[in-house]
Amino acid sequence: MNYVVISSIGAVFMGFFVLFVRMKAAKKPTNVKKIIMPPIFMSSGALMYLVPEFRLTPMEILEAVIVGMLFSVLLIKTSKFEIRDNDIYLKRSKAFIFILIGLLVVRLVLKTILSSTIDIGQLSGMFFLLAFSMIVPWRVAMYRSYMKLYKELHGIKMI
Numbered sequence: 347m348n349y350v351v352i353s354s355i356g357a358v359f360m361g362f363f364v365l366f367v368r369m370k371a372a373k374k375p376t377n378v379k380k381i382i383m384p385p386i387f388m389s390s391g392a393l394m395y396l397v398p399e400f401r402l403t404p405m406e407i408l409e410a411v412i413v414g415m416l417f418s419v420l421l422i423k424t425s426k427f428e429i430r431d432n433d434i435y436l437k438r439s440k441a442f443i444f445i446l447i448g449l450l451v452v453r454l455v456l457k458t459i460l461s462s463t464i465d466i467g468q469l470s471g472m473f474f475l476l477a478f479s480m481i482v483p484w485r486v487a488m489y490r491s492y493m494k495l496y497k498e499l500h501g502i503k504m505i
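For the sequence shown, our numbering assigns the number 347 to the initial residue and increments by one for each residue that follows.
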């Protein structure tokens, strides 16, 4: 089996894992730590760029970041919070599931197409950067939305 197939299978399992975690998360109150920790943990993956095979050209960096930021808009639009029982919860969104599956399918299609023209190491580097560029704006938007509700819930005046 080649690397593209193996990494695609891994991506499918990760996608279903994220769906499972998201469904469970909606049942419990959220907090700042739950919002900001995933991108912090994910950032350790940038160590891959120490290996020359994973390094990207400036154009590849630009492409990955732009696509990731565009994809993040879909996640931002489907991530809303609500106050329930004097706590802040992430609202369930039926659209989120379909968007996440759609993004996974787009990722798999892009990986299949691009693997014939871009080295697997660079492609891995691009998809990591794309994912990171998608998660960071999404989590920043979630943090801002959470803090707005937190201040409202605790009677903190906004300046």
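Yeah, the Cβ is synthetic: ideal placement off N, Cα and C, and Gly gets one too.
Given the structure is predicted, the values throughout are model-derived calculations rather than measurements.
Check: Do you know offhand how far residue 372's Cα is from residue 441's?
Finding: 14 angstroms
Item checked: Sequence-distant residues of the same chain with beta carbon closer than 6 angstroms to residue 450, five excluded per side -> 361
Margin query: For residue 363, tell me which candidate among 403, 482, 446 has the shortest Cα-Cα distance.
Written below: 446
Check: Within 10 angstroms of its Cβ, does residue 453 collect 16 or more other Cβ (buried), or is it exposed?
Finding: buried
Margin query: Only counting the same chain, and skipping five residues up and downstream in sequence, which positions put a Cβ closer than 6 angstroms to that of residue 369?
Written below: none
Checklist line | Beta-carbon proximity check, residue 436 vs residue 425, cutoff 8 angstroms | finding: yes
Next item on the list: Measuring alpha carbon to alpha carbon, tell me which of 411, 433, 396 ends up nearest residue 374.
Entry: 433
Item checked: Inter-residue Cα distance where the pair is residue 380 and residue 469 -> 29 angstroms
Notebook entry, point to check: Is the region 475 to 491 close to the region 387 to 406, with three or more CB pairs under 8 angstroms?
Noted result: yes
Next item on the list: Within the same chain, show all residues whose beta-carbon is closer than 7 angstroms to that of residue 476, passing over the 5 residues directly before and after it, in chain order.
Entry: 410, 413, 414
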